[in-house]
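4 protein chains.
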Amino acid sequence: MSMNSFGHLFRVTTWGESHGPALGATVDGCPPGVEITPEMIQQWLDKRKPGQNKYTTQRREADEVKILSGTFEGVTTGTPIQLMIENTDQRSKDYGDIKDKFRPGHADITYFQKYGIRDYRGGGRSSARETASRVAAGGLAREAIKAIAPNVQITGYMVQMGPHKINRDAFDWDQIEQNPFWVPDAQAATDWATYLDGLRKSGSSVGAIIEITARNVPAGIGAPVYGKLDTDLAAAMMSINAVKGVEIGEGMSAAMLTGELNADEIFMGNDGQPAYTSNHSGGILGGISTGQDIVVRFAVKPTSSILTTRKTITKSGEETEIITKGRHDPCVGIRAVPVGEAMMACVILDHLLLHRGQIGQNRGVIGPQS
Amino acid sequence: MSMNSFGHLFRVTTWGESHGPALGATVDGCPPGVEITPEMIQQWLDKRKPGQNKYTTQRREADEVKILSGTFEGVTTGTPIQLMIENTDQRSKDYGDIKDKFRPGHADITYFQKYGIRDYRGGGRSSARETASRVAAGGLAREAIKAIAPNVQITGYMVQMGPHKINRDAFDWDQIEQNPFWVPDAQAATDWATYLDGLRKSGSSVGAIIEITARNVPAGIGAPVYGKLDTDLAAAMMSINAVKGVEIGEGMSAAMLTGELNADEIFMGNDGQPAYTSNHSGGILGGISTGQDIVVRFAVKPTSSILTTRKTITKSGEETEIITKGRHDPCVGIRAVPVGEAMMACVILDHLLLHRGQIGQNRGVIGPQS
Amino acid sequence: MSMNSFGHLFRVTTWGESHGPALGATVDGCPPGVEITPEMIQQWLDKRKPGQNKYTTQRREADEVKILSGTFEGVTTGTPIQLMIENTDQRSKDYGDIKDKFRPGHADITYFQKYGIRDYRGGGRSSARETASRVAAGGLAREAIKAIAPNVQITGYMVQMGPHKINRDAFDWDQIEQNPFWVPDAQAATDWATYLDGLRKSGSSVGAIIEITARNVPAGIGAPVYGKLDTDLAAAMMSINAVKGVEIGEGMSAAMLTGELNADEIFMGNDGQPAYTSNHSGGILGGISTGQDIVVRFAVKPTSSILTTRKTITKSGEETEIITKGRHDPCVGIRAVPVGEAMMACVILDHLLLHRGQIGQNRGVIGPQS
Amino acid sequence: MSMNSFGHLFRVTTWGESHGPALGATVDGCPPGVEITPEMIQQWLDKRKPGQNKYTTQRREADEVKILSGTFEGVTTGTPIQLMIENTDQRSKDYGDIKDKFRPGHADITYFQKYGIRDYRGGGRSSARETASRVAAGGLAREAIKAIAPNVQITGYMVQMGPHKINRDAFDWDQIEQNPFWVPDAQAATDWATYLDGLRKSGSSVGAIIEITARNVPAGIGAPVYGKLDTDLAAAMMSINAVKGVEIGEGMSAAMLTGELNADEIFMGNDGQPAYTSNHSGGILGGISTGQDIVVRFAVKPTSSILTTRKTITKSGEETEIITKGRHDPCVGIRAVPVGEAMMACVILDHLLLHRGQIGQNRGVIGPQS
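Protein chains in written order, with the working numbering: chain A, 1 to 370; chain B, 1001 to 1370; chain C, 2001 to 2370; chain D, 3001 to 3370.
In C-alpha cells:
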C-alpha cells in the first residue's frame, strides 16, 4: 500500500515537494523494449511548464527531466524507471509572510492537522508542482502505449472556463494547439483571453472544466468491479490538485436522461466490429471499453491564491486576514490539460497491460464464426 | 492486486453473480473487538432490498446475510469476516430471449469482448445485485466506525430524478425516511411519485443524482496524493453500477466560481476548533478532512432494461432489435442510496484506521499552546 | 493490503476458523475459460483430509468444497471464485479445558496479545484447518496452469521426519503415492511407519522436511527484486502453519559451497534450449526461472499438542501446567505435503500470468538468429 | 502491485542499476516527526560499502546518500522520502568480455530470457549494488523505530563461512564490531581470515550464513495468515541477492525436534510479562511476536564471479568457456550483514505501524485484572 502511488501493473509513485531539491516519479512495471529518450518526455513537461505565457504562474522552472534508471541504450529494460526533475527556481522567501497563517481553500490547514508539520514553503506535496512528476510518467506511458496499441490518441482540451463554455458545434481538433487555453473553438479562445486578462489584472482566479479524449482504444479493456476503467479514471482525475468533479460520457447529465435516450444503439461497422449510433457511455460499459472514444471530464476549482483579503486563523488559533501575493495561475485549468492527458495515458496503458495478463486469447469475437 | 477489492486497511472483496447460488463480501482488516450481529447488517440490506414498493424491481430476494467467519461470541476477532447472502429468486428463464442479443447501454457486450464468456443470466457480476455485498460490508463498517468515532453520521438521499431537482431551501433531514425516494423534501417526494408512476407504466427508465453526507468526521483524516479521501470516494462511487459522474462539494460547478467565492473563510468555532463560513470544499482540502460535512454526489444513468425496441446485434454479428422484459427498476437511483452510504462508510472507516496507523500522536493542534 | 491474501494477479484470500460454520478461499484473477468442477478440486482436499490413516488427526471432516461463484456452465468467467468448505465435525467441547491456559509452542498466546480476543476453540485462524482453503485454491490453480503451460508437474513429498532422512540414491517418483508419508523411498516408508507408531503411542510429535518440485516450468518467469519467484515461494511456504525454514535448491547448504561447485555450467540441450550440468540453483537465478526443476523445501516444527505435561500460564498470569488431549497429528508434515503443493501451484500460476502481462513477445531467444 | 517494492505501510521501492547514473529508494509511509539526517543513514551505508578491506570487492564507491524529499528542517513530514546514491566508479569496461557470454550461476541468462534485453554492464538490477538502496531505507527505518519502540536493537553477524561455524558457547556480542566478518567469536574471526585469504588468492569464492537478531520487540506485532512476521521476514531475506535459504528460530532443524523439546515453556517474568524457558520459536508464534528475541538466519551462495574456467553458452547459442575477472567479493556474506539488518529494520517498523493501525487499545493484557 502506498498513498503516493497509482496504477496496477504500470505503477507510478510520485515524490518531492515544491521547494525541495528535486521531485520525480518512480515507475515500476513499464514493459521492456520501449524506446525512450528524455526528449520524448520533455515535450510534455514543456507543455505543462509554468511561465510560458501571461496566463500561467511566472515561476521559472526549466523542468528538465533526467532518466536515472531502467533504460539501457535508449530502451526500457523492464526495471524501475526513475524520472527526476530538479527544482531550480524555489524562491521560498515569497512565502515568508504566510508562515503562520492558513490560506482559505488551501490544504495547508489539513496537512497540519494530519501531520503536525507546517511546511509553509509553497504547499509541499499539495502544490501543483507535484503534477510535473505525473506529466513525466505520462510521457513514458504514451511511448509504451505506442508499442502495444499504436493507434491510440490521447488529447486534452478545455471546455469551460468560469461561466464560458465552448460551442460544441464549432468543435475543431486543429484549434487545440493554436491557443494558450488548449480550447477546440477559435471564438472561445478569443473570448476567454479577454475574460482571463481581466481576472488576472484584478488578482482573482477562476475554475474550469477539462475534457480528455482517448481515441482508438481497443474494445474489451477494463475490469470489474473496483478496477473498472472508469473507476480508475475517476480516481486518477480526482487525485489531481483542485479537482472537485469527474464525469464519464454523459456524466452528471445522465441523471436527466431516459433509458431510450441513453441507450447507444449497436450496429455492425464497416470494419466488421460493433459500432454505436451515439456515445452517451463515454466509451465504457460495465467498466470495460467499447472501442468508442473514451471521454472524461473534470472540474478544477479556482486557486486559493488571490489578491483579495480573506478571513483566516493562525497556527495558534488567532483570527486574522490574509492576502496571497505569490506567483500563481489565474486559471489552473490551463496547466491541468497536460496533467489530465498524462493520467489518461497511465490508466490506458495500465489496462492494456492488465488485458495482456489476464485475458490472452480468450477474448470474445463478435461475428459469423463465433 | 485484486480487481474485485477496495480499501487500504479495511479491505472488502465482493464475489458472486446475479444468478449463482450465493454472493457476498470477504472483509479483511476489520479491527477486533467490534460487536456485530447479522441483524445489525440486515437493516441496511433491507433498505436496499428489491420489491419493497412499486418503484423497484419485483424480484423477490430475502437478502438474508450470514456471518461465516471472523467473529467469536458476537465480537470481531481481527480475522477475515465472510458475509454471505444466498440467492433465492433467480428465475433465470426470464432472461432466455436475450441469450444471443446484446442490450444497448448494458455491459453484456463488453464483458463478452473482454472475457469471451456470455453469461446471459441477468448480467453476472455487472448486475446491480452485486451491490448487496457492498451494503453488507458497509453495515459492518458502520459498526466499526462507532467504536472509533462514535459521532460520525452517514446519510444518503436523492437530490435529482430525471429533470426534477430538490428544493435546497426546503431541505429537511427528517423527510428522508418518510418516502420511498429517500428525498429530503416532502413536495419533491409527492411530485416524483407521479413522475415515476408514468415512467414505470410506459416501461421507461430514468437517471438520478444521489448525495451522501458524512457528518462529524474528525479533521485530519485522508492522505496525499493518490490515497486522498476524495480520490477514494470518487473511485468508490464510480465503481457502483450505472454511475457516470462524481462530485465533491461544489463538484462540476466549481468551474464557475472565482477564488473569492470558492474560499471557505476560516474562524475559530465555539468548540475551540477551526470553523468555516461555507463548505464549497465538501469537507475535504488536499485530500484531507476539514472537520466539516463531507459531501459527495453521484449520477446514475437510467437502466438499459426498457420496453421500447432498440437496435442491436447478436453474438454472431447480425443486426437485430431488442426489448427487455425482465423485472427491473424504473429508477435505479432509489436503491443506489444505501449503496452510496455503504461505500462512504467503508471509505471513512478505512481512513480512520489509516490515521491511527500512520499518525498517532503527531497530529497538529491548532490553538494557543501549539 | 490484506493480511489474509497472497498472490499478485492470481489473488487468494482465505477466510474462516477451525470452529466456525465454514471456511474457504476467495480467488480473484483466475483467467476466464478454465474448465473447473468441484471434483477437480476435491481430489486435492481428499489428499489433505484428516483421519485417513492412523498417522493423522482423527477429526472427521468431509471437507466438501462448493463453488459459489465465478463459473458458468463449468468454465471460469474471469470473476471472483468463491470456494467454500463447511465445517461438520467441530466438537468444540474437546477444547474446554484449555479455555484459560496458553499452550507452549502454540499461537494462542500471541493472538491474545495482538487481538485481545481469546478464541479458545481450536486455534481459530492459526489452526491447520485454514490450510484446507489453500488446498482448494491450489486445485483451481493447477487447472488454470494446464490451460497456459500444460506440461508443468507439481509434486510434493517428505524428505525427512525427525532424524530420519530419505536416501537420495533410492529416490523413486513412483513410490510417492504408495505410502501414507508421500515419501519417494520405499525403505524410508517402512522405517518411518515404525518410528511414528512409537511417537503416536507415547503422545509425542515430531517435525519434518517437505520438498516440492515443479517440473517443466518455462524459463523466464519470475521478477526482480521483491517479486522474485523464490521470494514469493519463501513467503508462501513460510506462511504455512508450523513452518520454520525454507530452502531453494541448495538452501542453507549453499553456505558450504565454493563458487566452482555452486556454478551450474551451461550447455545447449537437445531441444535447442539452454541446459545445465547441475541444479544447485533449484531452478531459479536472480528470481527468474531457468527452465530446470524448481525445488523448494520447508521444515515444519512438531505440533504443540502433546500428552506430556508442560509448564505454562493462564490468562490471568498464574503459572500452571498443561496437557493437550485433543485430536492431533503426531507429524503435521504429512498433511503439509498437499499444502506445499498448493502453494507452489498458486505461485507458479501467478508468475505465468504476470509473464503474460508484462513481457509478451519481448522474451529473449537464445540461439543462432538472436 | 510493484515488483520492486516491499512493506505494507512502510513501503520501500528500490530503483537503479549497477552501472547507471544513480540508484536509490523511494520510501512511502514513513511516519511524520522522525528526526533524520543524511549522516544517520550514511553510517549504515558505510558499513556495507565495498573496498573497506581486502575481503570485499575493490570497487570504490563513495555511496553518499542524498535526501531529496520528505523532510523539512531535518524532520520527516509524512510524504515520500527519496534517498538517492549516485554511482561514481562504474568502470564498465571491465565487463566488456562478458558481453555475449552468460555467467554460470548468475542471473544474466534468466534476465535475458525474461526481458529480451542484455544489459551486460555488471548485472543491472541483479547486482549486489541494489542492496545499497535497501541499507539506506533500513537506516531510515531504524530512526523511525526509535520514535515508536526505542528499546529495539537490531544486530547482524555471520555464523558460518564455508564449512566453518561459530562456537555458540563463545558467543560475544562485543566481538561483532571488532573484526571484518561481523562475527561474534574472536577465534572464528582469526580462523576465517586465514581461510578467506586463501580463497581470495586462488580467485575462488564461498557461501555463508548470516543471523539477524532483533531484541526488545514488543509482544503482539505481526499478523495472520500471509502477513505473518515470519512470512514477511522470509520474503525480505530471500529477496536479497544470492540468498538460498531462510530460517526462523530452530529453522530447518525444527524437523528433528519432538514436541516436548520444541515447546518453549511459559512462566511469568520479573517484569510481570510472560517469559519463556527457551526460544526455539525465534520469537514468533503464529506469525506474531512473543516478546523474545526475533532470530532470523539466511544462507548466501558463493558469488559466480571466479577465476576458474567454467563451461557456458553465448547469446547465439554457441558453447564456450568463461572466466570472470571483474572486482568481486570472495564472500558476499560479509557485506550481506548490514543488508540483512536493514531488511529486519524495515519489517519490524512496518509491523509496528500496522499494529498501531489495526489494534489500538484492543491488545490483550495478561495478568490479574484481565
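Backbone N, C-alpha and C fix where the C-beta goes; we use that ideal spot for every residue, glycine too.
Mind checking if Asn216 (chain A) is an interface residue toward chain B, Cβ cutoff 9 Å exclusive?
On the first sequence, position 216 is the one that residue 216 (chain A) refers to. So, not an interface residue.
Run down chain B in chain order and give the residues with a C-beta less than 9 Å from the C-beta of Phe102 (chain A).
The residue you call residue 102 (chain A) lines up with position 102 of the first sequence. Neighbours of Phe102 (chain A) on chain B, chain order: Ile1266, Pro1274, Ile1366.
Cβ of Met344 (chain A) within 9 Å of any chain B Cβ:
Position 344 of the first sequence, counted from the first residue, corresponds to residue 344 (chain A). Met344 (chain A) does not count as touching chain B.
Taking Thr2014 (chain C) and Val3225 (chain D) to be in contact with their CB atoms under 8 Å, please state how far apart those CB atoms are, rounded to whole angstroms.
By one-based count along the third sequence, residue 2014 (chain C) stands at place 14. By one-based count along the fourth sequence, residue 3225 (chain D) stands at place 225. Confirmed, about 6 Å.
Between the region 3240 to 3259 of chain D and chain C, which residues of the former have CB atoms less than 7 Å from a CB of the latter, in chain order?
Cβ contacts with chain C come from Lys3244, Gly3245, Val3246, Glu3247, Ile3248, Gly3249, Glu3250, Gly3251, Met3252, Ala3254, Ala3255, Met3256, Leu3257, Thr3258, Gly3259.
Of the listed residues C:Ala2342, C:Asn2216, C:Gly2269, nearest to Gly2283 (chain C) (C-alpha basis)
Looking up residue 2283 (chain C) in the third sequence gives position 283. In this structure, C:Asn2216 is the residue among C:Ala2342, C:Asn2216, C:Gly2269 with its C-alpha nearest to the C-alpha of Gly2283 (chain C).
Answer with buried or exposed for Ser204 (chain A), where buried requires no fewer than 16 other C-beta atoms within 10 angstroms of its C-beta.
In the first sequence, counting from the first residue as 1, residue 204 (chain A) sits at position 204. Looking at its Cβ environment, which holds 16 or more other Cβ atoms inside 10 Å, Ser204 (chain A) is buried.
Hey, does Pro1224 (chain B) have any beta-carbon neighbour from chain D nearer than 9 Å?
Residue mapping note: residue 1224 (chain B) aligns to position 224 of the second sequence, counting from 1. Interface flag for Pro1224 (chain B) against chain D is set, since a Cβ pair is found closer than 9 Å.
Buried or exposed: where does Gln1113 (chain B) fall if 16 or more other Cβ atoms within 10 Å of its Cβ makes it buried?
One-based indexing of the second sequence puts residue 1113 (chain B) at position 113. Classification of Gln1113 (chain B): buried, given that the 10 Å Cβ count is 16 or more.
Counting only the same chain and skipping the five closest in sequence on each side, list residues whose C-beta sits under 8 Å from that of Ala236 (chain A).
Residue mapping note: residue 236 (chain A) aligns to position 236 of the first sequence, counting from 1. Taken in chain order, the residues that qualify are Phe6, Met343, Met344, Cys346, Val347.
For Ile306 (chain A), which residues in chain D fall below 8 Å Cβ to Cβ?
Reading the first sequence from its first residue, position 306 is the one you call residue 306 (chain A). Within chain D, no residue comes near Ile306 (chain A); the closest Cβ sits about 26 Å away, beyond 8 Å.
DSSP-derived helix/strand/coil call for Ile248 (chain A):
Here the question's residue 248 (chain A) lines up with position 248 in the first sequence. If DSSP states are grouped into helix, strand and coil, Ile248 (chain A) belongs with the strands.
Val75 (chain A) versus chain D: which residues are under 7 Å apart at the beta carbon?
Residue 75 (chain A) sits at position 75 when you count from the first residue of the first sequence. Within chain D, the residues near Val75 (chain A) are Ile3117.
By a C-beta neighbour count over all protein chains shown, 10 Å radius and 16 as the cutoff for buried, is Pro1104 (chain B) buried or exposed?
In the second sequence, residue 1104 (chain B) corresponds to position 104, counting from 1. Of the other Cβ atoms in all chains shown, 16 or more fall within 10 Å of the Cβ of Pro1104 (chain B); this residue is therefore buried.
Do Gly259 (chain A) and Ile1306 (chain B) count as a contact pair if the criterion is CB distance below 9 Å?
Here residue 1306 (chain B) corresponds to residue number 306 of the second sequence, with the count starting at 1. Here residue 259 (chain A) corresponds to residue number 259 of the first sequence, with the count starting at 1. Taking 9 Å as the Cβ cut-off, Ile1306 (chain B) and Gly259 (chain A) qualify as a contacting pair.
Alpha carbon to alpha carbon, how far is His1019 (chain B) from Arg2297 (chain C)?
By one-based count along the second sequence, residue 1019 (chain B) stands at place 19. By one-based count along the third sequence, residue 2297 (chain C) stands at place 297. Those two C-alpha atoms are separated by around 43 Å.
Outcome for Gln1052 (chain B) when other beta-carbon atoms lying within 10 angstroms are tallied against a minimum of 16
Taking the second sequence and counting its residues from 1, the one referred to as residue 1052 (chain B) is at position 52. With fewer than 16 other Cβ atoms within 10 Å, it is exposed.
Do you know offhand how far Arg3356 (chain D)'s Cα is from Val3206 (chain D)'s?
Position 356 of the fourth sequence, counted from the first residue, corresponds to residue 3356 (chain D). Position 206 of the fourth sequence, counted from the first residue, corresponds to residue 3206 (chain D). Taking the Cα positions, Arg3356 (chain D) is about 42 Å away from Val3206 (chain D).
Mind listing the chain D neighbours of Gly124 (chain A)? Cutoff is C-beta to C-beta under 9 Å, in chain order.
If you number the first sequence from 1, residue 124 (chain A) lands on position 124. For Gly124 (chain A), the residues of chain D that pass the 9 Å Cβ criterion are Phe3072, Thr3077, Thr3079, in the order they occur in the chain.
Work out the CA separation of Ile3209 (chain D) and Asp2108 (chain C) for me, nearest whole Å.
Counting from 1 along the third sequence, the entry for residue 2108 (chain C) is found at position 108. Counting from 1 along the fourth sequence, the entry for residue 3209 (chain D) is found at position 209. Their backbone Cα atoms lie some 32 Å apart in a straight line.
Name the chain A residues whose beta carbon is nearer than 7 Å to that of Pro3021 (chain D)?
Mapped onto the fourth sequence, residue 3021 (chain D) falls at position 21. By Cβ distance, chain A contributes Leu68.
Since Asn29 (chain A) sits in a beta bridge, which residues does DSSP pair it with?
Working through the first sequence from its first residue, we reach residue 29 (chain A) at position 29. It is worth fixing the name first, because residue 29 (chain A) is Gly in this sequence and not Asn. DSSP, once it has assigned bridges, lists no residue as partnering Gly29 (chain A).
CB-CB length for Ala214 (chain A) against Ile154 (chain A), believed under 8 Å:
For the purposes of this step, residue 214 (chain A) is taken as the residue at position 214 of the first sequence. For the purposes of this step, residue 154 (chain A) is taken as the residue at position 154 of the first sequence. The C-beta separation of Ala214 (chain A) from Ile154 (chain A) comes to about 5 Å, placing the pair in contact by the 8 Å criterion.
Nearest candidate by alpha-carbon position, reference Ser3304 (chain D), set D:Ile3334, D:Gly3123, D:Met3084:
By one-based count along the fourth sequence, residue 3304 (chain D) stands at place 304. Among D:Ile3334, D:Gly3123, D:Met3084, the Cα nearest to that of Ser3304 (chain D) is on D:Gly3123.
Is Met3003 (chain D) close to chain A, meaning its C-beta is less than 9 Å from at least one C-beta of that chain?
Position 3 of the fourth sequence, counted from the first residue, corresponds to residue 3003 (chain D). So, interface residue.
Pick out whichever of D:Trp3192, D:Leu3045, D:Val3365, D:Val3183 has its Cα sitting closest to the Cα of Ala3025 (chain D).
Reading the fourth sequence from its first residue, position 25 is the one you call residue 3025 (chain D). Out of D:Trp3192, D:Leu3045, D:Val3365, D:Val3183, D:Leu3045 has the C-alpha closest to the C-alpha of Ala3025 (chain D).
Please confirm whether Lys3034 (chain D) and Ala2254 (chain C) have their CB atoms less than 9 Å apart.
The residue you call residue 3034 (chain D) lines up with position 34 of the fourth sequence. The residue you call residue 2254 (chain C) lines up with position 254 of the third sequence. In the sequence under discussion, the amino acid at residue 3034 (chain D) is Val, which differs from the Lys named in the question. For Val3034 (chain D) and Ala2254 (chain C), no; Cβs fall outside 9 Å.
What's the call for Phe3010 (chain D), buried or exposed, on a 16-neighbour Cβ count within 10 Å?
Position 10 of the fourth sequence holds residue 3010 (chain D). So Phe3010 (chain D) ends up on the buried side.
For Lys47 (chain A), I'd like the list of residues in its chain whose CB is within less than 7 Å of its CB, leaving aside the five on either flank, ordered along the chain.
Sequence index remark: in the first sequence, residue 47 (chain A) carries index 47 (1-based). Counting only Cβ-Cβ distances below 7 Å, and skipping sequence neighbours, we find Pro338.
Could you tell me the distance, in whole angstroms, from the CA atom of Asn179 (chain A) to the CA atom of Ala189 (chain A)?
Here residue 179 (chain A) is taken as the residue at index 179 of the first sequence, counted from 1. Here residue 189 (chain A) is taken as the residue at index 189 of the first sequence, counted from 1. Approximately 6 Å, taken between the alpha carbons.
Taking Cβ-Cβ distances shorter than 7 Å, what residues in chain A pair up with Asp1230 (chain B)?
Counting from one through the second sequence, the residue named residue 1230 (chain B) turns up at place 230. Chain-order list of chain A residues neighbouring Asp1230 (chain B): Met238, by C-beta distance under 7 Å.
Can you find the residues in the same chain that come closer than 6 Å, C-beta to C-beta, to Gly3281 (chain D), ignoring five residues on each side of it along the sequence?
Stepping through the fourth sequence from its first residue, residue 3281 (chain D) is reached at position 281. It should be pointed out that residue 3281 (chain D) corresponds to Ser in this sequence rather than to Gly. Cβ neighbours of Ser3281 (chain D) beyond the five flanking positions: Gly3249, Asp3264.
Residues that DSSP places opposite Gly2016 (chain C) in a beta bridge:
Position 16 of the third sequence, counted from the first residue, corresponds to residue 2016 (chain C). Note: Gly2016 (chain C) sits in a beta bridge opposite C:Leu2023.
Is His1355 (chain B) helix, strand or coil when you go by DSSP?
As a working mapping, residue 1355 (chain B) is identified with position 355 in the second sequence. Of the three classes helix, strand and coil, the one that applies to His1355 (chain B) here is helix, per DSSP.
Select from A:Met161, A:Met268, A:Tyr157, A:Phe267 the residue whose C-alpha is nearest the C-alpha of Phe171 (chain A).
Looking up residue 171 (chain A) in the first sequence gives position 171. Just measuring C-alpha positions, the residue of A:Met161, A:Met268, A:Tyr157, A:Phe267 sitting nearest Phe171 (chain A) is A:Tyr157.
Who does Glu39 (chain A) pair with in a DSSP beta bridge?
Locating residue 39 (chain A) in the first sequence gives position 39, where the first residue counts as 1. Answer is none; Glu39 (chain A) lacks a bridge partner.
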